[in-house]
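**Q** Its first residue numbered 78, the sequence shown is counted upward by one per residue in my numbering.
Glycine included, C-beta positions come from ideal geometry on N, C-alpha and C.
The structure displayed is predicted, hence computed values, not measured ones.
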Amino acid sequence: MPPKTSLVLYAPQAIRLKIAMPRSIHLDLPDDQADALDRVAAALHKDPHEAGALLMGEALRHEQFPHVEFRDSAMGRQACVVGSSLAVWEVVMVAESHGLDPAQTASHLRWPLSRVETVLAYARAYPEEIARSLAENRAVTPEDVRRLLPDARWV
């Protein structure tokens, strides 16, 4: 049996007043997993407890919404569609242009309906997260793009 390292995660647990309270969970990790967590934590600029809680939360969301995974991006970590380059908020933008109709969105993206339904269900489950990403995207001006990409040509 490989050696184990102990890790205590602090995961929010909602109470009746919808106030997030930390809940301590103790996990024993094999050394190779603890080392991997240390590397991920360093890359995320978090301590292992914070990184472990983040990854656990993301894994639980993925379990509930199997077409959604989490990736690092220029905007930070975000929910993305498995097997696609699109973030969930981008699919929501496409869906909005089709009246939030999953079938029309699936047809437009040439995806199975179940994939779009799962992604839109994720967006409904985490509306603040998606609204924040949509607002950030909609706040970008043409001047911002020109400043960030000075050599880009508009077509």
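1. Is DSSP giving valine 159 helix, strand or coil here?
2. Quick one: measure Cβ to Cβ for glutamate 213 and methionine 152, integer angstroms, because I've assumed they're closer than 8 Å.
3. What is the DSSP secondary structure of arginine 100, counted as helix, strand or coil?
4. What residue range does the beta strand (DSSP E) around valine 171 cover?
5. Could you tell me which of Ala164, Val193, Ala113 and Ser101 sits nearest to aspartate 178, measuring between CA atoms?
6. Pull up the distance between the alpha-carbon of arginine 223 and that of leucine 106, whole angstroms please.
7. What does a CB cutoff of less than 7 Å around threonine 218 pick up in its chain, not counting 5 residues either side in sequence?
8. Does the segment 162 to 169 come close enough to the segment 202 to 211 to have 3 or more Cβ pairs within less than 8 Å?
9. Among all the DSSP beta bridges, which residues are the ones paired with arginine 187?
10. Could you name each continuous beta strand (DSSP E) segment of 3 residues or more that falls completely within the segment 110 to 151, going from the start of the chain to the end?
**A** Considering the structure as presented:
1. In the sequence shown, residue 159 corresponds to position 82, counting from 1. Collapsing the DSSP output to three states places valine 159 in coil.
2. If you number the sequence shown from 1, residue 213 lands on position 136. If you number the sequence shown from 1, residue 152 lands on position 75. Between glutamate 213 and methionine 152, the beta carbon gap of about 7 Å places them in contact (Cβ cut-off 8 Å).
3. Counting from 1 along the sequence shown, the entry for residue 100 is found at position 23. Look at arginine 100 here: in three-state DSSP terms it is strand.
4. Looking up residue 171 in the sequence shown gives position 94. Secondary structure note for valine 171: it is in no beta strand (DSSP E), and the uninterrupted alpha helix (DSSP H) holding it is 165 to 173.
5. In the sequence shown, residue 178 corresponds to position 101, counting from 1. Comparing Cα positions, the closest option is Val193.
6. Taking the sequence shown and counting its residues from 1, the one referred to as residue 223 is at position 146. Taking the sequence shown and counting its residues from 1, the one referred to as residue 106 is at position 29. Arginine 223 and leucine 106: Cα-Cα distance of roughly 47 Å.
7. The sequence position of residue 218 within the sequence shown is 141, counting from 1. Around threonine 218: no qualifying Cβ.
8. The segment 162 to 169, when compared against the segment 202 to 211, does touch it at the 8 Å Cβ threshold.
9. For this step, residue 187 is matched to residue 110 along the sequence shown. According to DSSP, arginine 187 bridges with nothing at all.
10. Runs of the beta strand (DSSP E) inside the segment 110 to 151: 145 to 148.
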